[in-house]
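First up is the structure itself, then whatever we jot down about it.
In UniProt numbering, the protein residues as written are 1 to 94.
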């Protein structure tokens, strides 16, 4: 059952939210409803999972990280590994 709700929100936020909803091909009401459902669900997960450490709980609530389409995690891991162990490689070359 749908019910009307009146909210007081800054005009610029409303304008941006409407533009976002239009880009998604959805109504602003649907966007807000889905957002509230997600917030409620995350809160329930955190409350129900007292066994999880605070660090894990905070990671669950963080926004999604957007990576470029051409991101190659293997190359990044290799680069970090090389930087980490470079001092050992330099000592062996002597």
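Ideal Cβ placement from N, Cα and C applies to all residues, glycine included.
Alpha carbons only, please: which of the options is nearest the one belonging to residue i?
i	options	result
residue 14	2, 86, 27	27
residue 6	61, 75, 22, 32	32
residue 62	19, 83, 39	39
residue 67	60, 76, 59	76
Using C-beta distances below 7 angstroms, list every residue in its chain close to residue i, excluding the 5 sequence neighbours before and after it, in chain order.
i	result
residue 9	none
Excluding five sequence neighbours on each side, which residues of the same chain lie with their C-beta closer than 6 angstroms to the C-beta of residue i?
i	result
residue 30	none
residue 78	none
residue 23	none
For residue i, collect the residues of the same chain with a Cβ closer than 8 angstroms to its Cβ; drop the 5 residues on either side in sequence, then sort them by chain order.
i	result
residue 113	An answer regarding residue 113 cannot be provided, because it is not within the stretch 1 to 94 covered by the chain.
Would residue i count as contacting chain D if we go by Cβ distances under 9 angstroms?
i	result
residue 3	Of the chains in the structure shown, none is chain D; there is only one protein chain.
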